[in-house]
Amino acid sequence: MAKLADRAMWVVGPLFIILAFVLIDMCVLAYYLVVFPYCHDWSLSEETSILGKLNMIFALLFTLYMVYCIHFHYYMAIKTHPGGMTKETMEATKAVDIETANNAQALLEYEEDAMYPKTCKKCHLPKPERAHHCSVCNACVLRFDHHCPWIHNCVGHFNHRYFVLFMTYMILSAIYFLVFGWEPFAASLDISGPEWPYYFPQPLMAFAYILSGCMGLALGGLCLWHYYLIITAQTTVEFYSNHYEKGIAKSQGEIFVNMYSFGYCENIRRFFNIGDKYPWYTVFYPVPIPPRGNGRQFEKCWEFYMLPESQQQGAILANQEIQDLENIKDL
Ligand SMILES: [Zn+2]
Ligand SMILES: [Zn+2]
1 MAKLADRAMW
11 VVGPLFIILA
21 FVLIDMCVLA
31 YYLVVFPYCH
41 DWSLSEETSI
51 LGKLNMIFAL
61 LFTLYMVYCI
71 HFHYYMAIKT
81 HPGGMTKETM
91 EATKAVDIET
101 ANNAQALLEY
111 EEDAMYPKTC
121 KKCHLPKPER
131 AHHCSVCNAC
141 VLRFDHHCPW
151 IHNCVGHFNH
161 RYFVLFMTYM
171 ILSAIYFLVF
181 GWEPFAASLD
191 ISGPEWPYYF
201 PQPLMAFAYI
211 LSGCMGLALG
221 GLCLWHYYLI
231 ITAQTTVEFY
241 SNHYEKGIAK
251 SQGEIFVNMY
261 SFGYCENIRR
271 FFNIGDKYPW
281 YTVFYPVPIP
291 PRGNGRQFEK
301 CWEFYMLPES
311 QQQGAILANQ
321 EIQDLENIKD
331 L
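In this text, residue positions in the sequence shown follow UniProt numbering: the first is 1, and each later residue adds one.
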């Protein structure tokens, strides 16, 4: 039954993407054909003040930037392979490794490959730490978070950043649309009122506005959740196991250490790959930026290395065990 559901989710994946594009672009059209002409004087007549003209140009540039960012990050989340252990991706990541290799990283890889070898029970390929087998894609995914049918892809190491930025731009745009579209929305509900002067159908404007509210709320919840995971350096799968491990540690009077957490600010910096090569403002650039590291080995915090070796081993084994649990999908 679960297999059938996975297969169905895989088959309808492209339809979800088409539906998402149609709904997003319908709201974009509603903005440019109704809300924008409602808020600004398109004609640029003599009566429009300089401030009014500047305001219109700013609104136009800002909204075009937001629309571009939404489409860019959505496209990248769909097209970017989250990272896997197929022969091709292993070769590709190896090539990147050689380029960026340093002694510390090489040592880390050597130690971890030797100490904690693991093979996926389903695809029989080496399974690195934080990787997880996705039953929909039927492959192991690096730093797996969850399978998302809206991008017909897994959210993993190489596309998590695009996924989070896509949600962020969607929410900000939805808020912008809800604030500036309130009056045109109220007018669109008044069917018996004066004639509707826009090229965009009146009922569709009402639908686009309500849809923006619903999308903003749903994505807002999911996005907040992902920011919580980012600042605490966990994936959705790891959150559940860490929660469980935390309970056990507490009952035994010990302190639970998330080995991948370096503190809130550092975790955000690491997730968005800010600092070493990319300055902070690159977060606002709609250009392809890879995540930090190769997705197969991860640096650990010093608190982890302070633990007795048996506890270090226990933590890594616990992390590997949860990789075998049923994977998480969202709708
Ligand atoms: Zn696998
Ligand atoms: Zn998947």
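We put the beta carbon where it would ideally sit given N, CA and C, even for glycine.
With DSSP as the reference, identify every bridge partner of residue i, one or two as the case may be.
i: residue 153; result: 148
i: residue 126; result: 119
i: residue 84; result: 141
Given a cut-off of 7 angstroms on the beta-carbon distance, is the pair residue i and residue j in contact?
i: residue 82; j: residue 159; result: yes
i: residue 145; j: residue 80; result: no
i: residue 18; j: residue 169; result: no
i: residue 205; j: residue 30; result: yes
i: residue 142; j: residue 13; result: no
i: residue 283; j: residue 272; result: yes
i: residue 134; j: residue 147; result: yes
i: residue 33; j: residue 176; result: no
i: residue 184; j: residue 35; result: yes
i: residue 6; j: residue 136; result: yes
i: residue 194; j: residue 9; result: no
i: residue 171; j: residue 216; result: yes
Does ligand 2 have even one heavy atom less than 6 angstroms from the beta-carbon of residue i?
i: residue 157; result: no
i: residue 136; result: yes
i: residue 223; result: no
i: residue 154; result: yes
i: residue 147; result: yes
DSSP three-state label for residue i, please.
i: residue 139; result: strand
i: residue 133; result: strand
i: residue 247; result: helix
i: residue 331; result: Caution applies to residue 331, whose pLDDT of 46 falls short of 50 and renders its modelled position unreliable; the value that the coordinates give is listed next. Coil at residue 331, not helix or strand.
i: residue 119; result: strand
i: residue 96; result: Below a pLDDT of 50, predicted positions are generally treated as unreliable, and residue 96, at 49, falls in that range; no measurement from the model is reported.
i: residue 225; result: helix
i: residue 3; result: helix
i: residue 270; result: helix
i: residue 279; result: coil
i: residue 37; result: helix
i: residue 161; result: helix
i: residue 196; result: coil
i: residue 47; result: coil
i: residue 259; result: coil
i: residue 202; result: helix
Buried or exposed for residue i, please, with buried defined as at least 16 other CB atoms from any protein chain shown within 10 angstroms of its CB.
i: residue 314; result: exposed
i: residue 179; result: exposed
i: residue 214; result: exposed
i: residue 275; result: exposed
i: residue 76; result: buried
i: residue 11; result: exposed
Quick one: is the Cβ of residue i within less than 6 angstroms of any heavy atom of ligand 1?
i: residue 133; result: yes
i: residue 301; result: no
i: residue 140; result: yes
i: residue 122; result: yes
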